[in-house]
Amino acid sequence: TVPGVTDVRIAMTAERKAMRIIAVASGKGGVGKSTLSANLAVALKRMGFSVGLVDADIYGPSQARLMNSEDRKPEARDKRLIPLDSPLGIPMLSMAHLVDPGKALAWRGPMAGNALSQLIDAEWGSAEVLIVDMPPGTGDIQLSMVQKHKPAGAVIVSTPQDLALIDARRAVSLFEQTQVPLIGLVENMAGYSCPHCGGISDPFGAGGAEAAAAQLGMDFLGRIPLAIDIRVRSDAGDPPAAGEGAAGQAFHAVAQKVAD
Ligand code: ADP
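For the sequence shown, full-length UniProt numbering assigns the number 56 to the initial residue and increments by one for each residue that follows.
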């Protein structure tokens with residue numbers, strides 16, 4: 056028999072319920088939120104989860120490059136977007152796939168919010184986890200995304216700098232106010248391993264994020280080192296979590312804690 060409208064609606068609701076949205080957020084840009092989102096998606100997929108990835112960062116969408124799916128356009132069916140299949144087998148959608156990022160900069164909140172909803176309400180099929188790389192900051196777009204799509208949890212990213220940590224605290228309070236469970240805090244760019252002498256230095260200080268996580272009553276999910284390998288592989292569209300190196304291991308350790 057042909058399913059009726061109600062059947063389809065029920066199926067869609069079931070699909071939505073089965074998919075858990077994990078928001079990856081930071082108080083400000085440039086702290087590695089997109090890098091973590093991409094690698095978290097790759098690591099969770101390698102652990103056996105069915106994962107989708109949304110790049111909601113309207114001001115600097117970078118997932119298309121990170122996941123090696125630039126210059127592609129998603130199609131739509133019945134007014135719903137169909138995610139692109141990235142080379143690593145992770146379906147994804149990015150703001151960059153919808154608009155010229157230069158133009159998106161001039162968008163007002165409601166327009167950006169609508170575009171973001173289209174990405175999240177796309178045909179994610181059997182995805183169990185949807186990683187959403189949030190726009191940096193704690194404004195209207197972030198608030199309406201959280202209220203409308205009710206993430207199952209949030210991962211906060213911060214560098215060890217005090218300033219970034221103060222911003223991270225704002226991101227934490229946004230999720231607390233909206234009753235989104237905080238999965239934990241990740242410290243990125245923590246400890247620099249010098250490729251010449253092999254020594255480890257802490258250009259932004261050390262341990263700040265772990266102490267802040269404790270203060271905020273959140274789990275600490277781990278440290279990702281500041282490593283040239285991470286930057287180079289990210290720029291090449293080959294996330295470190297897809298390989299076996301030390302940087303990849305650090306992302307896998309974080310993903311393990313997120314899955315727990
Ligand atoms: P955000 O999404 O918070 O704006 P990105 O993930 O785009 O930040 O990272 C900003 C820049 O820093 C990128 O060039 C990225 O490759 C680089 N980067 C991020 N994390 C690391 C790291 N742990 N080691 C080296 N480079 C990093």
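Just so you know, even glycine gets a beta-carbon here, dropped at the ideal spot from N, CA and C.
{"Check": "Length of the line joining the Cα atoms of Arg71 and Trp179", "Outcome": "Confidence is the limiting factor: at Arg71 the pLDDT is only 48, short of 50, which leaves the residue's position unreliable, though a coordinate-based value still follows. Cα-Cα distance, rounded: 9 Å."}
{"Check": "Contacts around Lys134, its chain only, beta-carbon distance under 8 Å, and the 5 residues preceding and following it disregarded", "Outcome": "none"}
{"Check": "Closest by C-alpha distance to Asn123, when choosing among Ala297, Gln270, Lys312, Arg132", "Outcome": "Ala297"}
{"Check": "C-alpha gap between Val86 and Ala73, whole angstroms", "Outcome": "30 Å"}
{"Check": "Residue closest to Pro206, alpha-carbon to alpha-carbon, out of Leu237, Gly164, Ala177, Leu139", "Outcome": "Leu237"}
{"Check": "Check your reading: residues with Cβ closer than 7 Å to the ligand ADP heavy atoms", "Outcome": "Ser81, Gly84, Gly85, Val86, Gly87, Lys88, Ser89, Thr90, Leu91, Asp112, Gly115, Ser117, Asp188, Pro191, Val212, Asn243, Met244, Ile279, Pro280, Leu281, Ala282, Ile283, Ile285, Arg286, Ser289, Asp290"}
{"Check": "Cβ-based burial, Val184 [other Cβ within 10 Å; buried from 16]", "Outcome": "buried"}
{"Check": "Rounded straight-line distance, which links the Cα of Leu91 to that of residue 26", "Outcome": "Only positions 56 to 315 of the chain appear in this structure, which leaves residue 26 out of reach."}
{"Check": "Selected residue, minimal CA-CA separation from Ala269, among Pro258, Cys252, Arg286, Leu240", "Outcome": "Leu240"}
{"Check": "With 16 other Cβ atoms within 10 Å as the buried cut-off, status of Val187", "Outcome": "buried"}
{"Check": "Candidates Ser181, Gly168, Arg101, Asp112, of which the one nearest Pro138 by Cα", "Outcome": "Ser181"}
{"Check": "Classification of Ser81 by the beta-carbon crowding that lies within 10 angstroms, buried from 16 upward", "Outcome": "buried"}
{"Check": "CB-CB length for Ala98 against Ala310, believed under 8 Å", "Outcome": "3 Å"}
{"Check": "Host beta strand (DSSP E) of Ile238 (start-end)", "Outcome": "237-248"}
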